[in-house]
Amino acid sequence: MRAYNFAAGPAMLPEEVLYKINEELYNWRGTGVSVMEIGHRTSIFQDLLEGLQKKIKALVNIPDNYKVLFAQGGAQGQFAAIPMNLLKYNKDVDYFVTGVWSKRAADFALSYANVNIVTESIDNRMIPSKQDWKLNPHASYAYYCPNETINGVQFDSIPDVGNVPLIADMTSSILSEQFDIRKFGLIFASAQKNLGIAGVTLVVVREDLLDKNLEL
Ligand SMILES: Cc1ncc(COP(=O)(O)O)c(C=O)c1O
Numbered sequence: 031m032r033a034y035n036f037a038a039g040p041a042m043l044p045e046e047v048l049y050k051i052n053e054e055l056y057n058w059r060g061t062g063v064s065v066m067e068i069g070h071r072t073s074i075f076q077d078l079l080e081g082l083q084k085k086i087k088a089l090v091n092i093p094d095n096y097k098v099l100f101a102q103g104g105a106q107g108q109f110a111a112i113p114m115n116l117l118k119y120n121k122d123v124d125y126f127v128t129g130v131w132s133k134r135a136a137d138f139a140l141s142y143a144n145v146n147i148v149t150e151s152i153d154n155r156m157i158p159s160k161q162d163w164k165l166n167p168h169a170s171y172a173y174y175c176p177n178e179t180i181n182g183v184q185f186d187s188i189p190d191v192g193n194v195p196l197i198a199d200m201t202s203s204i205l206s207e208q209f210d211i212r213k214f215g216l217i218f219a220s221a222q223k224n225l226g227i228a229g230v231t232l233v234v235v236r237e238d239l240l241d242k243n244l245e246l
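Numbering (the working numbering), first residue to last: 31 to 246.
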């Protein structure tokens, strides 16, 4: 019998997946080597990436005006990459601080942005009610974490931030339920929790946000 992990940490992979990896380890797609020994710019590897992008697009129902990216640096890499890539024209940003991970993301953003805390609630493990939110309608983006893994706090719906692009750290929520990606400017999720295997971070970004990188 395999061990079972009930914790919020590393996810188990389905057995079928493990068997498939085992089967393909010495000879992936007839190459005579494993996928780990293939150059990342070879056409066969590019096919794998494109196939994965298509599968994610189908699973999450992602329209064509969004790009599906795979990044390094884990979710915390995105804590810095997001302000670095979205603040060219306006450095005012909104952060919902509802637990350890959104607090850390807001702290990272301080190096690049004027951070407005929409609402803050860490120790009492609850999402403050909407009446107490201080949203800036002119912010470059509004950031939140739908499921705070460490604090065990979850939003029960997607916050309404008007026309401000909404950003979500979905590391602990992606693929656990259907959601409407069109309500978001960008979502990201590091692998090894809801998505396996560790080492890659999924980023889905709306195309109109792609030209806003800071010139550092
Ligand atoms: C919601 C959430 N965000 C961010 C992180 C940090 O992820 P990483 O280790 O990939 O930087 C975690 C990891 O536990 C998490 O659960």
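From the three backbone atoms N, C-alpha and C, an ideal C-beta is built for every residue, glycine too.
Predicted model only: the values in this text are computed from it and were never measured.
#1: Just to confirm the assignment, what range does the beta strand (DSSP E) spanning ASN144 have?
#2: For VAL148, which residues from the same chain have a beta carbon less than 6 angstroms from its beta carbon, with the 5 sequence-adjacent residues on both sides left out?
#3: For ligand 1, is there any heavy atom lying closer than 7 angstroms to the beta carbon of GLN106?
#4: How many Å lie between VAL194 and ALA172 at the Cα?
#5: Would a C-beta distance cut-off of 8 angstroms place VAL233 and LEU216 closer than the cut-off?
#6: Would you grab the beta carbon distance between ASN243 and ASN146 for me? Rounded to a whole angstrom, and I think it's under 8 angstroms.
#7: Three-state secondary structure (DSSP) at LYS198?
#8: Are the beta-carbon atoms belonging to ALA136 and ASP199 less than 8 angstroms from one another?
#9: Going by DSSP, what residue range makes up the alpha helix (DSSP H) through LYS87?
#10: Within 10 Å of its beta-carbon, does GLY129 have 16 or more other beta-carbons around it, so buried, or fewer, so exposed?
#11: Which value, in whole angstroms, describes the spacing of the CA atoms of TYR34 and PRO44?
#12: Could you tell me the distance, in whole angstroms, from the CA atom of ALA139 to the CA atom of PRO113?
#13: What residue range does the alpha helix (DSSP H) around ARG236 cover?
#14: Could you check if GLU207 is buried or exposed, using at least 16 other CB atoms within 10 Å of its CB as the buried criterion?
#15: With DSSP as the reference, label PHE100 as helix, strand or coil.
#16: Should PRO189 be labelled buried (16 or more other beta-carbon atoms within 10 Å of its own) or exposed?
In brief:
#1: 144–150
#2: ASP124, PHE126, TRP163, LYS164, LEU165
#3: yes
#4: 6 angstroms
#5: yes
#6: 21 angstroms between Cβ atoms; not a contact.
#7: The amino acid at residue 198 is misidentified as Lys; the sequence shows Ala. Of the three classes helix, strand and coil, the one that applies to ALA198 here is strand, per DSSP.
#8: no
#9: 73–90
#10: buried
#11: 11 angstroms
#12: 6 angstroms
#13: Not the alpha helix (DSSP H): ARG236 falls in the beta strand (DSSP E), residues 231–236.
#14: exposed
#15: strand
#16: buried
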